[in-house]
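Protein chains in written order, with my numbering: chain A, 1 to 204; chain B, 205 to 408; chain C, 409 to 612; chain D, 613 to 816. Below: one structure, written as structure tokens.
There are 4 protein chains.
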Amino acid sequence: MPDKTAPDASRRSTRSRSAIYAAALALVAEIGYPRTTIEGIAARAGVGKQTIYRWWPSKADVLLEAFLDLSAQAAGQAGQAPYEIPDTGDLAADLRAVLRAAVDRLLDPAFEAPARALAAEGLLNEQVGREFVARLLEPRLRLCARRLRAAQDSGAVRADVDPRIALELFVSPLAQRWLQRTGPLTHAYADTLVGYALYGIAPR
Amino acid sequence: MPDKTAPDASRRSTRSRSAIYAAALALVAEIGYPRTTIEGIAARAGVGKQTIYRWWPSKADVLLEAFLDLSAQAAGQAGQAPYEIPDTGDLAADLRAVLRAAVDRLLDPAFEAPARALAAEGLLNEQVGREFVARLLEPRLRLCARRLRAAQDSGAVRADVDPRIALELFVSPLAQRWLQRTGPLTHAYADTLVGYALYGIAPR
Amino acid sequence: MPDKTAPDASRRSTRSRSAIYAAALALVAEIGYPRTTIEGIAARAGVGKQTIYRWWPSKADVLLEAFLDLSAQAAGQAGQAPYEIPDTGDLAADLRAVLRAAVDRLLDPAFEAPARALAAEGLLNEQVGREFVARLLEPRLRLCARRLRAAQDSGAVRADVDPRIALELFVSPLAQRWLQRTGPLTHAYADTLVGYALYGIAPR
Amino acid sequence: MPDKTAPDASRRSTRSRSAIYAAALALVAEIGYPRTTIEGIAARAGVGKQTIYRWWPSKADVLLEAFLDLSAQAAGQAGQAPYEIPDTGDLAADLRAVLRAAVDRLLDPAFEAPARALAAEGLLNEQVGREFVARLLEPRLRLCARRLRAAQDSGAVRADVDPRIALELFVSPLAQRWLQRTGPLTHAYADTLVGYALYGIAPR
DNA sequence: TGATAAACGAGACGGTACGTCGTGTCTTTGT
DNA sequence: ACAAAGACACGACGTACCGTCTCGTTTATCA
């Protein structure tokens, strides 16, 4: 194998790492992703460029990890459970709560810029896209799907419905509106989506 | 003299223009959007760089127009009506047909690369995003919305449903799967979407 | 031939060129050759790095041409004849004059720094070394050799002597003292060299 | 405490030291002095970088000591006396022998590369230059000068001649030819130099 | 002889410069 | 006269070394 020997992760400087995360997130928020450069991140973090190149293959990967770190911190700060799906027995109410929380999150300017940048990068860079989906979206989706399956057990959702596809009815329109700016993102919109989609999958 | 005198559009070389379109689309397909450069397009088109900068403000705008041109040509070639929504009276069948056609289009490798690139660019560049939505997506969506309104008139869809939001139930999951590669894009999937979503908006 | 097509020399910016020469000479004089960088030259000259890389393969070549330009300018300024060897009929006096002039030149701080840098570079880089010798030293040496040949005709020098080797007796010690700092460079030293080399060190 | 406490030389690893010498000489011979790096020497010697920085201030100093070590070893191997000047009574023959030996040494590829590198470095770096002259050249020159003084006592050289300057007549042309590649380095050339310098180039 | 302190190998770090590529502007040239 | 060609100032790329700074791991004197 001709590639360069992997660096020794046990010696990695946590100081540098978090400075790089902070710099990357700040720059993306301030000047936007395309104008954010590795040199700029290094300079802002007070770090040599090589320290970035040693640990990440690209600007997108830096931002992805920075964003994951941010999410983890935010989750840890907010409560013990990272992201929890309520189960009050009222499926419609639970879904509204989840979608409203999603709306709030998507409108939070601290999350907006990096999330949008990563989404865009993921469209063109398959590896980044898969990471983005797997590490950020998938965990939440899995929990939601479980909630739907519970609803199927309790008879609130038809048994022959694929929960993952059903989920897309709620989530994708929201995501699309956010990403493509095709309409306002509000709690009312979230409620409407639940109203329309839920009856499609409810028993008739 | 306040700014550079605008170029005289009547003198514009159609030869250069189509060569630039062809070069842009070819390069995006061959080496991908990020590695496609204005210099590369100019060289491949046998054109001076200035000829590109004179008429387009950025790489994204070149590709957007090239893609619109391609779509127009494809539509003109296929039939007189650019994109038509069937109205057989059977709403479910009509929506299945539309979504299946969309799936076919999204899987066409000639459309895939530039469309994905423009979508990604549009996420970060609001101006490009709006152009992309307005000139490519909106016309189709408007027709679909009209079909839904017709269905409301015939009683196949509840009257209190917002057709544009209802449309998102069908279209966004498809778009999302395509863009984020979160699942296979098939006719069966399109049919499933119609099945799930339609009953949500159908009268109860 | 797979190499990059040569740039079009007729379009070359004379403004940039002379700014680069000036910057290179100034930096070498101010901070020394090893600490002079291409980036530094470009910055000081108000020029893009690529403009240097387009026309010169290395820092040494920039300095070599800058120095040649400086020499040419100095010569053109001083008098019509670039460097002339006197022929008063008195060979010893003529050689003393030439060597004294050489001493003066070598002690001139404006010439010292770049000349020394080029000499050093030429020791390791054969191509630069040959250029340096051929374009800077050789023309002067040729004139001196001619003077020696004239002296042979007039009987002041033995006919069986090789003028180029004889020349080295005068020139090399001077050069060596200058380059290696093995002794003071003075007119008296130059005179002594002429005395020893012309008549030998053995008793007469 | 003004500076870093000096390392304890008694604990120095002779193994590392000689590995560093060997690596430095090998790299200079193989890839040339400018492309020889401290990192490269350390890697080749199987040594940490710090072990070099602990004992030497620069690449040039490493090479200088490596070369001195090499010379000492070579001398020790060849004969008991490090470098001896013959005194057969025939000054011309003795000088020819010395210069011929110098020619042989300069053409030895094992000495060529590092010696040339150090000479070049010494031109720009005064400290290295003085070390180079003092520790490598000076001892030999001193012996030669003594031989010349003996020749003055025996009447073979004029009493009013400065032996150090006289020496330069023989040595500098040789050095210059070698360093600047201005001509072939042969025994015949050495003999010619002795002939010219000893008796002068004027008719006798 | 075992403690302890130093030199050691390894290599991550903050930096600087490298040489290349692409940007968007401006100028020259050939037709 | 236009447009191809491309030189220009600029800025970022990703790489190579610099010299400094920990890390554990040998060594190898002294307690």
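Cβ atoms here follow ideal geometry from the backbone N, Cα and C, with glycine treated the same way.
(request) Return the chain-ordered list of same chain residues with a C-beta closer than 8 Å to the C-beta of A:Ser-16, the five sequence neighbours on each side being excluded. (result) Ala-45, Val-47, Thr-51
(message) Taking 8 Å as the threshold (beta carbon to beta carbon), is C:Arg-524 in contact with chain D?
(response) yes
(request) Measure the beta-carbon distance from A:Leu-63 to A:Leu-118 and round it to whole angstroms, keeping in mind my assumption that it falls under 8 Å. (result) 6 Å
(message) For C:Gly-448 and C:Leu-575, I'd like the C-alpha separation in whole angstroms.
(response) 40 Å
(request) Report yes if the C-beta distance between A:Thr-182 and B:Val-375 is below 8 Å; otherwise report no. (result) no
(message) Counting only C-beta atoms, is C:Thr-590 closer than 8 Å to chain D at any point?
(response) yes
(request) Leaving out five residues on either side along the sequence, give the residues of the same chain with a beta carbon under 8 Å from the beta carbon of C:Pro-410. (result) Bear in mind that the predicted position of C:Pro-410 carries a pLDDT of just 44, short of 50, making it unreliable; the figure below should be weighed with that in mind. Nothing meets the Cβ criterion.
(message) If I follow the unbroken alpha helix (DSSP H) through A:Leu-118, where does it start and stop?
(response) 109-124
(request) Just the chain C side, please: which residues come within less than 7 Å of D:Leu-791 by C-beta, in chain order? (result) Leu-531
(message) Beta carbons nearer than 9 Å to chain B: which residues of the segment 25-55 of chain A have them?
(response) Gly-32, Tyr-33, Pro-34
(request) For B:Tyr-403, name the three-state secondary structure that DSSP assigns. (result) helix
(request) At 7 Å on the CB atoms, spell out the chain C contacts of D:Tyr-633, in chain order. (result) None at all; the shortest Cβ gap to chain C is about 20 Å.
(request) Report yes if the CB atom of C:Leu-531 is closer than 8 Å to the CB atom of D:Ala-732, and no otherwise. (result) yes
(message) So, under 8 Å CB-CB, A:Ala-145 and A:Pro-163 are touching, yes? Tell me the CB distance rounded to an integer number of Å.
(response) 4 Å
(request) Using a cut-off of 8 Å between C-beta atoms, extract the partners of A:Val-62 located in chain B. (result) Residues of chain B passing the Cβ test: none, with the nearest at roughly 16 Å.
(message) At the 8 Å Cβ level, is C:Leu-594 part of the contact set with chain D, yes or no?
(response) At residue 594 of chain C the sequence reads Thr, which differs from the Leu that was named. So no, C:Thr-594 is outside the interface.
(message) Beta-carbon within less than 7 Å of D:Gly-812's beta-carbon, same chain only, minus the 5 sequence neighbours each way: which residues are those?
(response) none
(request) For A:Gln-176, decide whether its Cβ has a neighbour in chain B, counting only Cβ atoms nearer than 8 Å. (result) yes
(message) Please list the terminal residues of the continuous alpha helix (DSSP H) segment that includes D:Trp-667.
(response) 661-667
(request) Return the residue from the list A:Leu-141, A:Glu-126, A:Arg-54, A:Leu-106 that minimises the CA-CA distance to B:Trp-382. (result) A:Glu-126
(message) Quick check on the burial criterion: 16 or more other C-beta atoms within 10 angstroms. Buried or exposed for C:Lys-467?
(response) buried
(request) Using a cut-off of 8 Å between C-beta atoms, extract the partners of A:Thr-192 located in chain B. (result) Asp-366, Ile-369
(request) Would you tell me roughly how many angstroms separate the C-alpha atoms of A:Gln-77 and A:Leu-137, rounded to the nearest one? (result) 20 Å
(request) List the endpoints of the continuous alpha helix (DSSP H) containing B:Val-232. (result) 218-235
(message) How far does the alpha helix (DSSP H) with D:Arg-878 in it extend, from its first residue to its last?
(response) Limits of chain D in this structure are 613 at one end and 816 at the other, which puts residue 878 of chain D out of reach.
(request) Classify D:Ala-768 as helix, strand or coil using the three-state DSSP reduction. (result) coil
(message) Judging by CA-CA distance, which residue of B:Ala-228, B:Ile-224, B:Ser-214, B:Ser-222 is the nearest neighbour of B:Phe-315?
(response) B:Ala-228
(request) Check whether the Cβ of C:Val-686 lies closer than 8 Å to any Cβ atom in chain D. (result) Any answer about residue 686 of chain C is impossible in this case: the structure gives chain C only from 409 up to 612.
(request) Compute the distance between the beta-carbons of A:Leu-193 and A:Leu-99, then report whether it is under 8 Å. (result) yes
(message) Can you pull the chain B neighbours of A:Gly-129, defined as C-beta to C-beta under 7 Å?
(response) Gln-384, Arg-385
(request) Determine the extent of the alpha helix (DSSP H) in which A:Leu-185 is found, giving its start and end residues. (result) Per DSSP, A:Leu-185 belongs to no alpha helix (DSSP H) and is neither H nor E.
(request) Can you give me the start and stop residues for the alpha helix (DSSP H) that D:Gly-652 sits inside? (result) 650-657
(request) Could you round the C-beta distance between B:Leu-402 and B:Ala-301 to whole angstroms and report it? I think they count as a contact, below 8 Å. (result) Not confirmed; about 13 Å, so no contact.
(request) Consider the Cβ of D:Ser-784: report whether some Cβ of chain C lies at a distance smaller than 8 Å. (result) yes
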